[in-house]
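A quick write-up on the structure given underneath.
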Amino acid sequence: MTTLRNLPSVEQMLQTEAAAYLIARFGRPLTLDSIRFVLDDIRTRFQSKLITDLPRTESILAQTESQLTAWTKPTLLPIINASGVILHTNLGRAPLSDGAIRAMDIVSRGYSTLEFDLESGKRGSRLIHAESLLQKLTGAEAAVIVNNNASAVLLILSALANRKRVIISRSQLVEIGGGFRVPDVMKQSGAKLVEVGATNKVRLSDYQSAAEEPTALIMHVHRSNFKLVGFTEEPELKDIVEAAHTAGVPVVDDLGSGALYDTAKYGIAHEPTVQESMQAGVDVVCFSGDKLLGGPQAGIIIGKAELIAKIKKHPLARAVRADKACLAGLSATLLHYLKDEAEREVPIVKMMSLTLKQVKGRAEAWAAELGQGPALSKVEVTVVEGESTVGGGSLPGESMPTFLLSLQVKSAEKFLRALRKNNPPIIARTENDKVLLDPRTVFPEQEGALLVGLKNILKS
Ligand SMILES: *Cc1c(COP(=O)(O)O)cnc(C)c1O
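What the sequence shown shows, in the numbering used here, is residues 32 to 491, in sequence order.
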């Protein structure tokens with residue numbers, strides 16, 4: 032009769048060649064852990080009579096290997112984004128330029144001048160690294176880089192408006208996404224929120240009368256993820272700034288998306304640019320590094336030297352400071368703009384600037400490639416007109432014309448699931464039970480893997 036005594040011991044298992052191979056791949060402690068885990072599991076199942084025979088050593092080792100693979104499998108995986116959403120928050124927002132990646136790689140591999148002044152041989156400041164580039168690009172007097180734009184807003188308000196009044200229009204008390212609500216962040220900073228106007232209408236006089244009492248700031252927030260339409264009114268930024276300055280109050284503009292270029296060039300709406308805020312006379316502007324700028328995750332704060340100095344000195348600045356890889360990647364990204372090569376080098380700008388003809392050509396090439404071979408007898412493959420979106424908390428409701436590969440499959444949901452299970456996973460979308468893939472957001476070097484994945488799924 033089979034008894035648990037027939038089960039090999041951990042020691043016996045370790046003697047095998049297969050175990051030596053697992054130790055070489057996964058390390059001894061983890062391999063030991065997983066052998067014990069698998070043996071325990073077998074014992075439990077045997078005792079509770081879920082199994083009547085004990086597995087052989089090879090089979091136990093095979094289970095051990097699967098267990099080790101499951102334990103060490105990465106969860107943060109690269110994917111192919113065929114959704115046509117250029118800045119997809121769930122898919123990691125902005126892919127970086129080669130220049131940014133090189134800069135991050137070099138600075139991460141070794142030591143650097145992060146906080147070291149080569150001239151004097153003494154301690155330097157990490158805050159200088161992107162600052163001069165931002166000064167040149169925007170005309171700002173000074174800059175600070177932090178972790179992301181959410182922490183930028185929190186830091187600005189904490190440093191400049193703790194326990195003081197901050198005026199904001201009710202039309203700008205927005206939620207950015209992921210639970211980031213402007214009124215909540217303002218409260219968190221200790222600022223006293225002074226709401227003016229109505230949801231749809233605010234007048235200059237609303238700001239002016241609120242600013243008659245001592246006020247730390249007027250806060251202006253870009254509605255980056257929705258549109259206000261219909262019976263609406265809002266003064267222009269430069270008029271708000273003028274009224275604020277007359278009352279001796281500085282203005283902070285949370286731009287969110289942070290474009291340094293005119294998005295209207297690409298056939299979509301004009302997104303307020305950083306330069307425009309500066310020209311309007313805003314005292315402090317903040318924006319994301321990984322939205323329309325197309326750099327690494329960062330919060331960029333620029334503005335008047337005196338205010339930026341206060342922000343730099345606040346204790347929170349230390350808590351939300353950017354790391355060396357971010358500073359290197361961001362500087363390299365900013366340099367693309369300074370050298371007027373963003374359209375060629377910054378992936379998201381490149382994607383926006385693709386012409387319809389280029390996108391159509393790629394979709395047609397995909398269709399032609401899939402059309403070859405027997406796989407497609409059951410699926411209708413066509414190229415159709417459609418829309419790409421910018422997304423990622425910018426340009427709400429805006430889209431750019433594109434061409435899509437359309438697959439008329441039996442079950443679009445099942446097909447999407449199979450695409451997600453592909454290695455690398457492919458993210459597409461569906462419409463009217465068709466699976467749609469947008470070449471705009473697929474890198475040319477990913478096309479081979481995309482087509483192999485599609486062919487395999489179509490065949491199965
Ligand atoms: C996106 C956004 C933020 C948050 O920026 P993160 O970089 O995602 O932290 C803040 N304010 C506005 C207006 C935004 O659009």
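Note that the Cβ used here is the ideal one computed from N, Cα and C, for glycine as well.
Kindly examine ligand 1 and report whether one of its heavy atoms sits closer than 6 Å to the Cβ of residue i.
| i | result |
| --- | --- |
| asparagine 454 | no |
| glycine 326 | no |
| serine 255 | yes |
| asparagine 180 | yes |
| isoleucine 207 | yes |
| glycine 392 | no |
| serine 189 | no |
| aspartate 285 | yes |
| glycine 424 | yes |
| serine 319 | yes |
Residue i to residue j, Cα distance in whole Å?
| i | j | result |
| --- | --- | --- |
| glycine 422 | threonine 75 | 51 Å |
| leucine 324 | threonine 294 | 11 Å |
| glycine 402 | glutamine 98 | 40 Å |
| glutamate 243 | threonine 386 | 51 Å |
| threonine 169 | methionine 309 | 7 Å |
| alanine 459 | lysine 409 | 20 Å |
| leucine 468 | valine 412 | 11 Å |
| phenylalanine 77 | arginine 59 | 27 Å |
| serine 437 | glutamate 337 | 55 Å |
| glycine 123 | valine 440 | 29 Å |
| serine 163 | arginine 157 | 12 Å |
| threonine 364 | methionine 383 | 16 Å |
| glycine 417 | glycine 210 | 31 Å |
| lysine 486 | aspartate 129 | 30 Å |
| isoleucine 110 | leucine 149 | 41 Å |
| lysine 465 | alanine 480 | 21 Å |
| lysine 391 | leucine 435 | 8 Å |
| aspartate 371 | alanine 171 | 19 Å |
| glycine 208 | glycine 424 | 8 Å |
| asparagine 453 | glutamine 477 | 13 Å |
| glutamate 265 | histidine 301 | 17 Å |
| alanine 340 | valine 280 | 17 Å |
| aspartate 237 | lysine 335 | 25 Å |
| aspartate 270 | proline 214 | 23 Å |
| isoleucine 91 | threonine 33 | 16 Å |
| alanine 274 | valine 225 | 16 Å |
| serine 114 | leucine 450 | 12 Å |
| leucine 291 | phenylalanine 318 | 11 Å |
| isoleucine 132 | leucine 191 | 34 Å |
| leucine 204 | alanine 181 | 14 Å |
| serine 79 | alanine 93 | 22 Å |
| lysine 195 | isoleucine 342 | 15 Å |
In three-state DSSP terms, what is residue i?
| i | result |
| --- | --- |
| histidine 367 | helix |
| histidine 119 | strand |
| glycine 325 | coil |
| aspartate 129 | helix |
| threonine 62 | helix |
| proline 456 | coil |
| aspartate 469 | coil |
| methionine 309 | helix |
| leucine 447 | helix |
| alanine 101 | helix |
| aspartate 284 | strand |
| methionine 32 | coil |
| serine 419 | strand |
| aspartate 354 | coil |
| histidine 253 | coil |
| lysine 195 | coil |
| serine 200 | strand |
| glycine 402 | helix |
| leucine 340 | The question names leucine, but residue 340 in the sequence shown is alanine. The answer is helix: DSSP assigns alanine 340 an H, G or I state. |
| leucine 387 | helix |
| lysine 441 | coil |
| phenylalanine 474 | coil |
| arginine 87 | coil |
| alanine 492 | Residue 492 cannot be examined here, being either before or after the span of the chain that is shown, 32 to 491. |
Which whole-angstrom value describes the C-beta separation of residue i and residue j, a residue pair presumed to lie in contact below a C-beta threshold of 8 Å?
| i | j | result |
| --- | --- | --- |
| asparagine 112 | threonine 472 | 5 Å |
| serine 220 | leucine 268 | Contact doesn't hold; Cβ gap of about 22 Å is too wide. |
| threonine 47 | threonine 100 | Incorrect: roughly 18 Å between the Cβ atoms, too far for contact. |
| leucine 358 | isoleucine 176 | 6 Å |
| isoleucine 299 | leucine 426 | 6 Å |
| alanine 329 | asparagine 179 | 7 Å |
| leucine 165 | isoleucine 379 | With a Cβ gap of about 19 Å, leucine 165 and isoleucine 379 do not count as contacting. |
| alanine 394 | valine 414 | 5 Å |
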